[in-house]
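I have placed the structure first, in the form of structure tokens, so that the comments after it can refer back to it.
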Amino acid sequence: MKKIVLFITVSVIMLMAFTTTSFAQLPLRVVVNGNRVNFPDAEPFIDDNGRTQVPVRFVSEALGAEVSWEGSTKTVTISQGDKEIKIVIGKKDYTINGEKNLMDTEALLKEDRTFVPVRFVSEGLGAKVDWDPAVRTVYIDTREKGDIKDETPKDGSIIEVDGYLVPNDTNVVIAKAQSSDKVETRISINIMKPNFEKQVEDLTFALENKFGKDIANQVRKHVEQKKNWSDYLPEKYIYVEKTEQYIWIRKSVAESISINVMLPRYVPSTSQYDDVVVEW
Numbered sequence: 009m010k011k012i013v014l015f016i017t018v019s020v021i022m023l024m025a026f027t028t029t030s031f032a033q034l035p036l037r038v039v040v041n042g043n044r045v046n047f048p049d050a051e052p053f054i055d056d057n058g059r060t061q062v063p064v065r066f067v068s069e070a071l072g073a074e075v076s077w078e079g080s081t082k083t084v085t086i087s088q089g090d091k092e093i094k095i096v097i098g099k100k101d102y103t104i105n106g107e108k109n110l111m112d113t114e115a116l117l118k119e120d121r122t123f124v125p126v127r128f129v130s131e132g133l134g135a136k137v138d139w140d141p142a143v144r145t146v147y148i149d150t151r152e153k154g155d156i157k158d159e160t161p162k163d164g165s166i167i168e169v170d171g172y173l174v175p176n177d178t179n180v181v182i183a184k185a186q187s188s189d190k191v192e193t194r195i196s197i198n199i200m201k202p203n204f205e206k207q208v209e210d211l212t213f214a215l216e217n218k219f220g221k222d223i224a225n226q227v228r229k230h231v232e233q234k235k236n237w238s239d240y241l242p243e244k245y246i247y248v249e250k251t252e253q254y255i256w257i258r259k260s261v262a263e264s265i266s267i268n269v270m271l272p273r274y275v276p277s278t279s280q281y282d283d284v285v286v287e288w
């Protein structure tokens, strides 16, 4: 009896630890006017003052602004139309068109990138900024309400579908494979469904939290080759060394793209290897 109680206790603790870790590892995302901003070499983070710091160039350019850097004074200038924001690294005060303002945190240099608090810069350029802690996403919008079309409304939640985290409003289909000795999970997206770009974004989000950013980006890069329903998408195998699994992106000649996550230690047959591209 004691052994059973101990086993149950340990199992519950492990489950809670796994769940907490999964949600703690959700990446910070920045969405500008409905489009996710990609950060190729430096990721956003939350600083000690609870502010989201982002590489200034990528977000500013997504907002249609220009960025310049003055190394001697460590000053970054963000210009858009008749607005000019100047921020000095390590200082809380900044200017908008010469008028002094005060932040509750500081801009800084990290990983050879200039990071700035996204709210102060975005609002300085006239954008509306929302933070959704459930999905760790900053939403920045400069559009008028009537200009926002064909977007699935966000409800501020994420769900777990067969071991994968996805936004609650996703159109990505995820299902455990039934009675298969090769496939663990089947995932599909469809270019004919509304907002295909969001499907790709949600697919990347799900794979990133399961297998890491590098694997997710490899999948994303491959499926984004399909621009129209009639485009031919060749198959591709991507090897996940951490879990000893292959992700098989099946060839697509119609509107649907199928991604099979194979069982651990499954090895494609010799005939399949003819077209395999293995990523280590």
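FYI, the numbering for the sequence shown is 9 to 288, going by the numbering used here. We put the beta carbon where it would ideally sit given N, CA and C, even for glycine. All values derive from a computational prediction rather than experimental measurement.
Item	Value
For Thr-145, the three-state DSSP class (helix, strand or coil)	strand
Member of Lys-108, Ser-80 and Lys-99 whose CA lies at the smallest distance from the CA of Glu-92	Lys-108
Enclosing alpha helix (DSSP H) for Ser-130 [first to last residue]	126-132
Check whether Val-271 and Glu-192 have beta carbons under 8 Å apart	What sits at residue 271 in the sequence shown is Leu, not Val. Yes, they are a contact pair.
Strand pairing of Trp-256, partner residues [DSSP]	Tyr-245 and Asn-268
Helix, strand or coil at Thr-81 according to DSSP, with G and I counted as helix	coil
Endpoints, the beta strand (DSSP E) within which Ser-196 is located	191-198
Length of the line joining the Cα atoms of Val-39 and Ala-185	33 Å
Any 3 or more C-beta pairs closer than 8 Å across the segment 83-100 and the segment 117-135	yes
Straight-line gap, Ile-257 to Thr-150 (C-alpha atoms, nearest Å)	36 Å
When Ser-266, Asn-41 and Gly-79 are compared against Val-181, the one with the closest alpha-carbon	Ser-266
Of the residues Thr-81, Gln-88 and Pro-63, the one placed nearest Glu-74, counting alpha carbons only	Gln-88
Short Cβ contact (8 Å threshold) for Ser-260 with Lys-229	no
Three-state class that DSSP yields for Ser-30 in the structure shown	Low local confidence applies: a pLDDT of 42 at Ser-30 is under 50, so the model's placement there is unreliable, and no value is given.
Burial state of Thr-27, where buried means 16 or more other Cβ atoms lie within 10 Å	Residue confidence is low: Thr-27 scores 42 on pLDDT, short of 50, so the model does not pin down where it sits. No coordinate-derived value is stated.
For Arg-59, three-class secondary structure by DSSP	coil
Cβ neighbours of Thr-160 in the same chain (closer than 8 Å, five flanking residues each side left out)	Any answer about Thr-160 is weak, because its pLDDT of 43 lies below 50 and its placement is not dependable; what the coordinates show is given next. Taken in chain order, the residues that qualify are Asp-177, Asn-179, Pro-202, Asn-203 and Lys-206.
Cβ neighbour criterion (16 or more within 10 Å) applied to Tyr-240	exposed
Exposure label - Arg-273; buried when at least 16 CB within 10 Å	exposed
Rounded C-alpha distance that separates Glu-209 from Val-174	10 Å
Burial state of Ser-238, where buried means 16 or more other Cβ atoms lie within 10 Å	exposed
Distance between Leu-116 and Thr-60 (C-alpha atoms, nearest Å)	12 Å
Rounded separation between Ile-156 and Ala-214 - CA only	Here Ile-156 scores only 47 on pLDDT, less than 50, and its place in the model should not be relied on; the value that follows carries that caveat. Straight-line Cα distance between these residues: approximately 26 Å.
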